[in-house]
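In what follows, a structure is listed as structure tokens, so that the remarks can point back to it.
Number of protein chains: 2
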Amino acid sequence: MRRVCVAGAGVIGSLFAAHLSRVAEVSALTRREEHARALREQGLRVTGRADFLARIDAATSPLELPEPELLIVACKGTDLESAAERLEGHWPDAIVMTVQNGIGAGDVIARYGAWRLLTSVTFMSGTRHADTHVEYVLDTATWIGPARGTTPEDARRVAELIASSGLEAEAFDDLRPAQWSKLIFNATVNTVAALTGLPHDAHFAALAEPSDLGFLVRGLIDEGKAVAAAAGVPLREDPWEMNVLATKRGSAHYPSMLEDVEAHRRTEIDTITGALVREAHRLGVPVPLHETMERLIKAKEASWQ
Amino acid sequence: MRRVCVAGAGVIGSLFAAHLSRVAEVSALTRREEHARALREQGLRVTGRADFLARIDAATSPLELPEPELLIVACKGTDLESAAERLEGHWPDAIVMTVQNGIGAGDVIARYGAWRLLTSVTFMSGTRHADTHVEYVLDTATWIGPARGTTPEDARRVAELIASSGLEAEAFDDLRPAQWSKLIFNATVNTVAALTGLPHDAHFAALAEPSDLGFLVRGLIDEGKAVAAAAGVPLREDPWEMNVLATKRGSAHYPSMLEDVEAHRRTEIDTITGALVREAHRLGVPVPLHETMERLIKAKEASWQ
């Protein structure tokens, strides 16, 4: 794979594009012309865990970019539909890898073209300082698995390419056990943080008083586990243990949905909690707590519209 | 009843004190010396549905005020304990009427003295513009019922006194059906508003999509009704109908708990939702949605501590 395109140059897209430029010819498909121009003219600076300036091509239309063998769709879940629209009819031979939170991103892409698909979840994180500057904060892995039209071998090739560029990546024959662990964790931690204003801190694991937040967190996780079990997906990690471990880290993580509500931006509720609730309804599993979180977050979005 | 004292001169306390001064000798027991001095020197102005300047006495200690026959404790639920402490040992012959949201205010007062007690719920509302100026907004009633050591006749005498002063008031032989209707309504509307940022608007009655807020509101109300039924309290009004009616008003009401969280003030969660949840636990009625709201609001309070 010599040519890679990254659609969406936010934190995750920028980290992929910059690192991959060291082992492949990389282009970025951006939403704003100003962003594409800045990337073409100034390059893309990475600081933090790495420190280098990447030279990449960039444009707002697939017509202006060379056809890639790998297309990483790295926009937020809320922009996925419009990104897929712009890709429709282009680059039919590319493998398209989605990295959105939640589940169902591949299904959205699949409606717009017959591309072969890979699915992934990423645990890396960073901070966007400018259109042309991203700070690489958490060097945790991206996990990749086959989806429509691809094989475990395809997932391995892409994981090897990404690992060779300096990022952590691992291929799985079946990504669902990892994806569902993260889905349940995210549906819980993101919504609780967004509604309470708390970063992911010790309150999330507190079980001393009946009114403590840990009981809600555990209740949400238990509902999610019941949905995964009904879907026949064994979980790779116990989301409650992920929660307890994460709250013991030195500095509390600031979940993206909390950032979204503070900035009065539309959240990813539909592809995270919404996806879990839809699966639960399809399988007949009661999820009153996740329904509650979905309704509260959607009402919160309505409050600033 | 010729002498009345009002403890706590917020919106509700100020409305009582000002109006009652037209038919009785009224004093106000305030928390801040500055507030008492301003009331003594400038009087208390009412605007809105009434327009007059009331002359009242005011102090921060019961020792500086004449002994009243009626003491209306009108502070917020969060200040109730400290108000009761300051009253301990004073005015043993007075009838003490509580007007706090939720249930259990009388039980707090009872721990500090052997006063005869009346209980009440008020639906009037206003806006506090200054220590000495309150705007009378909603001229809805205060409902009064007997509690420890009082009779329905005592409730009627106080209701008549208040009605003669220009406010709406009604006496009940048993206030619990009205009190529980308001408790369930408040536990629902206040917490949902505080978590979403929405005033009490049409979203609260929306039942078009499964993710609509009305389903959560109805679920919370249904849990509350089950607790009332288990407690043997027939409801005076259906809280869901109260909700639907209120959302059809021209201007959406801004619930006090939403004001509290926006100002990063401690909320009345303990005496509203907390009281309902404790009753539910005592009676063995499951209330997972109210427990969720209580945990989220308490975590929200923790986020600014």
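Chains as they are written, first to last, in the numbering used here: chain A, 1 to 305; chain B, 1001 to 1305. Positions of the beta carbon are idealized from the N, C-alpha and C atoms, including for glycine.
Proximity of residue i and residue j at Cβ, strictly below 9 Å
i                 : j                 : result
ALA1007 (chain B) : LEU1039 (chain B) : no
VAL192 (chain A)  : ALA1193 (chain B) : no
PHE1016 (chain B) : VAL1137 (chain B) : no
MET1212 (chain B) : HIS1203 (chain B) : At residue 1212 (chain B) the sequence reads Asp, which differs from the Met that was named. A contact, by the Cβ cut-off of 9 Å.
LEU117 (chain A)  : THR142 (chain A)  : no
LEU1020 (chain B) : ILE1184 (chain B) : no
GLU1223 (chain B) : LEU1296 (chain B) : no
GLU1033 (chain B) : PRO1066 (chain B) : no
LEU1167 (chain B) : VAL1227 (chain B) : no
SER1181 (chain B) : GLU1237 (chain B) : yes
LEU1195 (chain B) : LEU195 (chain A)  : yes
PRO92 (chain A)   : ASN190 (chain A)  : no
VAL1217 (chain B) : ASN1243 (chain B) : yes
ILE1144 (chain B) : MET1097 (chain B) : yes
CYS5 (chain A)    : ALA94 (chain A)   : yes
PRO210 (chain A)  : GLU1262 (chain B) : no
ASP1174 (chain B) : ARG1049 (chain B) : no
Within chain A, the residues that residue i reaches when beta carbons sit closer than 7 Å
i                 : result
LYS1300 (chain B) : THR196 and GLY197
HIS1290 (chain B) : Those within 7 Å of HIS1290 (chain B) in chain A number zero; the least Cβ separation is about 11 Å.
LEU1207 (chain B) : Ordered by position in chain A, no residue passes the 7 Å Cβ test against LEU1207 (chain B), which lies about 11 Å from the chain.
Chain A contact residues for residue i, given Cβ-Cβ distances below 9 Å
i                 : result
LEU1213 (chain B) : ARG295, LEU296, LYS298, ALA299 and ALA302
LEU1283 (chain B) : Under the 9 Å cutoff, chain A gives no residues; its nearest Cβ is about 15 Å from LEU1283 (chain B).
DSSP bridge partner residues for residue i (one or two, in chain order)
i                 : result
LEU44 (chain A)   : A:ALA54
ILE95 (chain A)   : A:LEU70 and A:ARG116
VAL1006 (chain B) : B:ALA1028 and B:ILE1072
LEU138 (chain A)  : A:SER125
GLU170 (chain A)  : A:TRP143
HIS1133 (chain B) : B:ARG1045 and B:ALA1130
ALA59 (chain A)   : A:LEU29
HIS281 (chain A)  : Note: HIS281 (chain A) sits in no beta bridge, so no partner.
HIS1253 (chain B) : B:HIS1200
Closer than 8 Å at the beta carbon, the chain B residues around residue i
i                : result
HIS203 (chain A) : ALA1299 and ALA1302
LEU87 (chain A)  : What LEU87 (chain A) touches in chain B: nothing, since even the nearest Cβ is about 28 Å away.
Through-space distance from residue j to residue i, alpha-carbon basis
i                 : j                 : result
PHE123 (chain A)  : VAL11 (chain A)   : 12 Å
GLU69 (chain A)   : GLY89 (chain A)   : 15 Å
TRP240 (chain A)  : MET1293 (chain B) : 21 Å
ALA206 (chain A)  : ARG156 (chain A)  : 40 Å
ALA1114 (chain B) : ALA302 (chain A)  : 49 Å
GLU1170 (chain B) : ALA1159 (chain B) : 5 Å
VAL121 (chain A)  : PRO146 (chain A)  : 12 Å
THR47 (chain A)   : THR247 (chain A)  : 26 Å
GLY126 (chain A)  : LEU220 (chain A)  : 27 Å
VAL1134 (chain B) : LEU1044 (chain B) : 8 Å
GLY1106 (chain B) : THR1119 (chain B) : 7 Å
PRO1286 (chain B) : GLY197 (chain A)  : 27 Å
ARG1249 (chain B) : PRO1177 (chain B) : 24 Å
ALA1058 (chain B) : ALA1083 (chain B) : 15 Å
GLU1304 (chain B) : HIS1264 (chain B) : What sits at residue 1304 (chain B) in the sequence shown is Trp, not Glu. If I take the Cα positions, the gap works out to 7 Å.
VAL108 (chain A)  : VAL277 (chain A)  : 17 Å
ARG31 (chain A)   : THR60 (chain A)   : 6 Å
GLY1274 (chain B) : ASP260 (chain A)  : 30 Å
GLU64 (chain A)   : LEU87 (chain A)   : 12 Å
THR188 (chain A)  : HIS35 (chain A)   : 33 Å
ALA1231 (chain B) : GLU1081 (chain B) : 26 Å
HIS129 (chain A)  : GLU85 (chain A)   : 28 Å
VAL233 (chain A)  : HIS281 (chain A)  : 16 Å
ALA1018 (chain B) : ALA1229 (chain B) : 39 Å
ARG1002 (chain B) : SER1014 (chain B) : 18 Å
GLN306 (chain A)  : GLY104 (chain A)  : Absent from the model: residue 306 (chain A). The displayed extent of chain A is 1 to 305, so no value can be given.
ALA994 (chain B)  : PHE1052 (chain B) : In the structure as shown, chain B starts at 1001 and stops at 1305, and residue 994 (chain B) therefore has no counterpart that could be examined.
PRO1062 (chain B) : SER1027 (chain B) : 10 Å
LEU1245 (chain B) : LEU1258 (chain B) : 20 Å
Residues that residue i contacts on chain A, provided the C-beta gap is smaller than 8 Å
i                 : result
LEU1183 (chain B) : Going along chain A, no residue has its Cβ under 8 Å from LEU1183 (chain B), so there is no contact; the nearest lies around 17 Å.
Neighbour list for residue i in chain B, Cβ cutoff strictly below 7 Å
i                : result
LEU276 (chain A) : Under the 7 Å cutoff, chain B gives no residues; its nearest Cβ is about 12 Å from LEU276 (chain A).
Proximity test, Cβ basis, 9 Å: residue i and chain C
i               : result
HIS19 (chain A) : Note that chain C does not occur in the displayed structure, where the protein chains are A and B.
Proximal chain B residues relative to residue i, where beta-carbon distance stays under 9 Å
i                : result
LEU53 (chain A)  : Correct list: empty, because the minimum Cβ distance to chain B is about 39 Å.
LEU167 (chain A) : In chain order: nothing, as chain B lies at least about 33 Å away.
LEU175 (chain A) : Chain B residues near LEU175 (chain A): none, gap ~27 Å exceeds 9 Å.
If you pair each beta-carbon of the segment 71 to 84 of chain A with each one of the segment 267 to 279 of chain A, do three or more pairs fall below 8 Å?
yes
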